[in-house]
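Protein chains in written order, with our numbering: chain P, 1 to 200; chain Z, 1 to 225. The C-beta atom is built at its ideal place from N, Cα and C for all residues, glycine as well.
This is the structure:
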């Protein structure tokens, strides 16, 4: 299996050291290559830390979450399935879930609600470094802007603040089924918009 | 299956479900390839939200992450991945684990006469570095063997009596919680990847359980195996 995974990585890039092909780098990580792991860290840490920082807020706890996510990535590298999505999506899926679980387990929902009430839920920080290119960042922002206000708020409150959908429903004063639907069709619209942009 | 599960896909991807609903959705996804396809197709859009909040971590974090990695053993590839599975509890759990790519998930090994595991218990037990543990119980003798080199543990229940309607189930109790590593419904033995936690073997009703019963036959931390 490990060998098979390496082959997949090598097929998609003739040079497994090519930092531009994260799947190949991850295949090297699966073989215990710490240098390759360092390259993946440099590539992805700003995204992972950014998500953790936004959701758990406390910087030192965000660092802990980031460390846990990368340790998990190191442990599970051999189990990454490139047919299911990109390395970046894989890591960010782990990162967001870990951040949300951390905040839920330690923070009373009441306190978070008050926190969110004081905070503009739709504010969005600027991009940093070259992890996300300016055009990519702009593209996602444009697509987010193409959502209806309710879709956008439901998606942002859940993703950036880590609220459960009943909490989101309460904050927005909308029925649960409406909020569930807006989360789903909001993500579908985001996906479709990003696909059109990438194709353009 | 609960028809409502489809409506929860967005909330699921945004991690805004409570634990119970999340588990329901994951169980449904494990059995529904179409739903899985929809979820996979939306994952990248969901992850793209991260790019809006990217932030450079403190430089000191890199050294800590690298040091921790250098001290952390890596998991072997998923043993049961990619082969057709019988739909039984261990299969569902393995599928869920593969699906969530979550933190601390365990991939169960599916056992069954028409679906042999990639690595057998016998192979692990015959590894040059295998360490054997024999546990005398009131139902007979349980054998557990660990190969550090393979990073696998073998559990053999052939010498254990099986009361009617009962089976044995293997678990890992890790920081992430309790995860089934396999149900020995038809096979007498199983090989499972080593996890960072306690290995447990319990007696359960046929088909296995979601949570281990109080009937614990064996329990030992991986590092002592």
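Inspect the beta-carbon positions of residue 80 (chain P) and residue 66 (chain P) and report whether they are closer than 8 angstroms.
no
Could you please give the first and the last residue of the uninterrupted beta strand (DSSP E) stretch that includes residue 218 (chain Z)?
Counting along the chain, the unbroken beta strand (DSSP E) around residue 218 (chain Z) starts and ends at 216–221.
Give me the chain P residues within the contact set of residue 14 (chain Z), using Cβ-Cβ distance strictly less than 7 angstroms, ordered along the chain.
155, 158, 159 and 183
Beta carbon proximity, residue 57 (chain P) to chain Z, threshold 8 angstroms:
no
Using the beta-carbon count (16 or more within 10 Å), is residue 57 (chain Z) buried or exposed?
Counting C-beta atoms within 10 angstroms of its own C-beta, residue 57 (chain Z) has 16 or more neighbours from the protein chains shown and is therefore classed as buried.
Report the partner residues of residue 147 (chain Z) according to the DSSP bridge assignment.
Z:152
Which of helix, strand or coil DSSP assigns to residue 121 (chain Z):
helix
Quick one: grab the DSSP three-state call for residue 155 (chain P).
helix
Using a Cβ-Cβ distance cut-off of 8 angstroms, determine whether residue 230 (chain Z) contacts chain P.
This structure does not reach residue 230 (chain Z), given that chain Z is present from 1 up to 225, and the question cannot be answered.
Within chain P, the residues that residue 17 (chain Z) reaches when beta carbons sit closer than 9 angstroms:
164 and 165
In the DSSP assignment, what residue or residues form a beta bridge with residue 142 (chain Z)?
Z:135
Report the rounded CA-to-CA distance for residue 170 (chain Z) versus residue 220 (chain Z), giving the unit in angstroms.
12 angstroms
Of the listed residues P:77, P:196, P:143 and P:172, nearest to residue 36 (chain P) (C-alpha basis)
Among P:77, P:196, P:143 and P:172, the Cα nearest to that of residue 36 (chain P) is on P:77.
Unbroken alpha helix (DSSP H) run spanning residue 135 (chain P), endpoints
For residue 135 (chain P), the uninterrupted alpha helix (DSSP H) segment begins and ends at 134–145.
Residue 168 (chain P) to residue 191 (chain P) span [Cα, whole Å]:
21 angstroms
Let's see if you can read the secondary structure: which residues bound the alpha helix (DSSP H) around residue 188 (chain Z)?
Note, residue 188 (chain Z): premise wrong, no alpha helix (DSSP H); not H, not E.
Hey, out of Z:225, Z:29 and Z:27, whose CA is closest to residue 130 (chain Z)'s CA?
Closest in C-alpha terms to residue 130 (chain Z), from the list Z:225, Z:29 and Z:27, comes Z:225.
Expressed to the nearest angstrom, what Euclidean distance is found between the alpha-carbon atoms of residue 62 (chain P) and residue 45 (chain P)?
11 angstroms
Element boundaries [beta strand (DSSP E), containing residue 28 (chain P)]
Counting along the chain, residue 28 (chain P) falls outside any beta strand (DSSP E), though it belongs to the alpha helix (DSSP H) covering 22–30.
Indicate whether at least one CB of chain Z lies closer than 8 angstroms to the CB of residue 22 (chain P).
Taking Cβ atoms only, chain Z never reaches closer than 8 angstroms to residue 22 (chain P), which makes this a no.
Just to make sure I have the definition right: I need the residues of chain P whose C-beta is within less than 7 angstroms of the C-beta of residue 152 (chain Z). Which are they?
None at all; the shortest Cβ gap to chain P is about 13 angstroms.
What does a CB cutoff of less than 6 angstroms around residue 158 (chain Z) pick up in its chain, not counting 5 residues either side in sequence?
Residues of the same chain with a CB within less than 6 angstroms of the CB of residue 158 (chain Z), apart from the 5 flanking positions on each side, are 188 in chain order.
At least three beta-carbon pairs within less than 8 angstroms, the stretch 159–174 of chain P to the stretch 25–34 of chain Z:
no
May I ask you to report which of helix, strand or coil DSSP gives residue 198 (chain Z)?
strand
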